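One structure is given here, and the rest of the page talks about it.
Numbering (the numbering used here), first residue to last: 420 to 584.
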């Protein structure tokens with residue numbers, strides 16, 4: 420919905436108002452603002468295609484600050500999980516996002532893929548708390564952050580920590 424609105428020339432503020440009045444499942448491209456930072460909460464689930472679609476949405480959002488992608492593990496990828504995660508890191512770099520963060524076991528391959536493409540700020544965190552503390556220090560008003568991962572990676576914990584601090 421965000422990507423379509425932006426493509427049609429809508430202002431982000433109007434899109435936020437429209438989405439805030441809609442009855443959507445929590446964690447599905449939900450826009451949240453915490454201390455002037457816009458979070459795109461897409462924590463409900465993740466697979467390679469949905470991660471790419473969410474990053475495309477992020478790339479089309481207007482932003483006066485910096486853009487960040489915070490990704491957790493994508494479950495149910497079988498023997499190719501490492502390759503899929505690495506490929507997501509590679510593709511993330513192509514969306515013009517210079518800050519790519521990965522969180523949790525298995526997600527470190529996202530960081531490795533991003534580094535292979537020359538992303539300067541590709542960081543892996545072992546857990547949600549560590550990532551949230553980094554974001555709290557790093558983010559400024561006007562930044563936009565996409566947070567996404569499989570249900571089992573519980574990426575919404577990062578938003579909960581930031582919201583309470």
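Here a beta-carbon is modelled for each residue, glycine too, at the ideal position from N, C-alpha and C. All values derive from a computational prediction rather than experimental measurement.
Distance, residue j Cα to residue i Cα
| i | j | result |
| --- | --- | --- |
| residue 527 | residue 449 | 25 angstroms |
| residue 509 | residue 533 | 5 angstroms |
| residue 467 | residue 511 | 11 angstroms |
| residue 581 | residue 525 | 23 angstroms |
| residue 515 | residue 435 | 23 angstroms |
| residue 583 | residue 551 | 11 angstroms |
| residue 553 | residue 559 | 12 angstroms |
| residue 555 | residue 577 | 10 angstroms |
| residue 499 | residue 465 | 15 angstroms |
| residue 493 | residue 478 | 21 angstroms |
| residue 456 | residue 557 | 11 angstroms |
| residue 579 | residue 548 | 10 angstroms |
| residue 569 | residue 536 | 24 angstroms |
| residue 426 | residue 438 | 16 angstroms |
| residue 470 | residue 506 | 11 angstroms |
Pair within 9 angstroms by beta-carbon distance, residue i and residue j
| i | j | result |
| --- | --- | --- |
| residue 572 | residue 497 | no |
| residue 489 | residue 517 | no |
| residue 531 | residue 462 | no |
| residue 542 | residue 520 | yes |
| residue 484 | residue 563 | yes |
| residue 545 | residue 523 | yes |
Boundaries of the alpha helix (DSSP H) in which residue i is found, first to last residue
| i | result |
| --- | --- |
| residue 512 | 500 to 512 |
| residue 579 | 575 to 583 |
| residue 528 | 527 to 535 |
| residue 435 | 431 to 440 |
Delimiting residues of the beta strand (DSSP E) encompassing residue i
| i | result |
| --- | --- |
| residue 449 | 449 to 453 |
| residue 541 | 540 to 544 |
| residue 491 | 486 to 491 |
| residue 554 | Run containing residue 554: none in the beta strand (DSSP E); it sits in the alpha helix (DSSP H), 547 to 557. |
| residue 565 | 563 to 567 |
| residue 524 | Element bounds for residue 524: n/a, residue is neither H nor E. |
Exercise. Between the region 430 to 441 and the region 458 to 474, do three or more beta carbon pairs fall short of 8 angstroms?
Worked result: no
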